[in-house]
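S.K.:
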Amino acid sequence: MTVEKKELFINHFFDAPRDVVFRAWTDPEQLRKWYAPDECSITFKNIEVKKGGHYHSCIHDPIHGECWIKGTYLEVVLDEKLVFTMAMSDRAGNSVRSVDAGKTEDWPEEQVTTVTFESLGEQTKVTIHQTVSEAEAKKTGAYQSWIKMFNKLNSLLN
């Protein structure tokens with residue numbers, strides 16, 4: 668008997684219009700300001716937010732060091748939806764096994780992240796779905812990192 672693992676879903680409400688929130692997810696200059704947990708920063712070796720576009724980024728953590736990630740944008744629907752892959756890599760963009768990058772054995776080699784944007788009055792509801800176990804995301808700190816990044820984005824939007 669196989670046990671279904673609950674995948675990661677997070678909803679967050681921003682006090683800003685949908686187009687403003689979407690732009691914060693697609694403009695590299697804005698991403699640099701919020702797309703890393705507290706005390707960390709992010710640099711993009713490259714980023715091209717369009718269907719089929721690629722990115723290669725590094726989160727710089729003062730405690731854990733560098734975390735290189737690469738991926739491809741599978742879907743980009745203006746102001747509505749982003750779908751992209753995420754995989755561990757090295758500085759040169761070569762794939763690195765998740766476990767070799769410090770993740771647990773249950774961490775997927777590649778995950779798909781879907782972000783949807785929904786207008787609700789004066790707010791925007793952002794929903795994140797990642798093809799990773801919610802339990803693993805909480806254990807590794809990935810879940811908490813999303814919350815911290817959303818708090819940073821809230822501050823930038825207000």
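Residue numbering for the sequence shown follows our numbering, beginning at 668 and increasing consecutively.
We treat Cβ as the ideally placed atom computed from N, Cα and C, and that holds for glycine.
1. Where D773 and A759 are concerned, what is the direct C-alpha to C-alpha distance, given to the nearest angstrom?
2. Work out the CA separation of W813 and K672 for me, nearest whole Å.
3. Within 10 Å of its beta-carbon, does T710 have 16 or more other beta-carbons around it, so buried, or fewer, so exposed?
4. Classify S756 as helix, strand or coil using the three-state DSSP reduction.
5. Leaving out five residues before and five after D686 in sequence, what residues of the same chain have Cβ atoms less than 6 Å from its Cβ?
6. Among the candidates A703, G720, A754 and P729, whose CA atom is the shortest distance from the CA of V799?
7. Hey, quick one: how far does the beta strand (DSSP E) through W735 stretch, first residue to last?
8. At the 9 Å Cβ level, is V763 part of the contact set with chain D, yes or no?
9. If we count Cβ pairs, one from each stretch, closer than 8 Å, do we get three or more for the stretch 791–805 versus the stretch 693–703?
10. With respect to the alpha helix (DSSP H) encompassing D728, which residues constitute its N-terminal and C-terminal limits?
11. Counting along the chain, where does the beta strand (DSSP E) carrying V799 start and finish?
12. Going by DSSP, what residue range makes up the beta strand (DSSP E) through V782?
13. For F711, write down the residues that DSSP places opposite it in a beta bridge.
14. Suppose the cutoff is 6 Å on Cβ atoms and the five residues either side in sequence are ignored; what does the same chain contact list for L675 look like?
M.R.: In brief:
1. Along the sequence shown, one-based indexing puts residue 773 at 106. Along the sequence shown, one-based indexing puts residue 759 at 92. Distance between the alpha carbons of D773 and A759: 25 Å.
2. Position 5 of the sequence shown, counted from the start, is the residue given in the question as residue 672. Position 146 of the sequence shown, counted from the start, is the residue given in the question as residue 813. C-alpha separation (whole angstroms): 19 Å.
3. Translated into the one-based positions of the sequence shown, residue 710 becomes position 43. It counts as exposed.
4. Mapped onto the sequence shown, residue 756 falls at position 89. Correct three-state label for S756: strand.
5. Here residue 686 refers to the residue found at position 19 of the sequence shown. Cβ within range, chain order: D746.
6. If you number the sequence shown from 1, residue 799 lands on position 132. Here the closest residue by C-alpha is A754.
7. Your numbering for residue 735 matches position 68 in the sequence shown. Counting along the chain, the beta strand (DSSP E) containing W735 begins and ends at G732 to V744.
8. The structure shown contains no chain D; it holds only a single protein chain.
9. no
10. Residue 728 sits at position 61 when you count from the first residue of the sequence shown. From DSSP, D728 is part of no alpha helix (DSSP H) but of the beta strand (DSSP E) over H721 to D728.
11. In the sequence shown, the residue the question calls residue 799 occupies position 132. It spans Q790 to S800 - the beta strand (DSSP E) in which V799 sits, taken as one unbroken run.
12. Against the sequence shown, residue 782 aligns to sequence position 115. Note, V782: beta strand (DSSP E), E777 to L787.
13. As a first step, residue 711 is located in the sequence shown; it is residue number 44 there, counting from the start. Per DSSP, S724.
14. For this step, residue 675 is matched to residue 8 along the sequence shown. So the qualifying residues of the chain are Q797, V799, E801 and A804.
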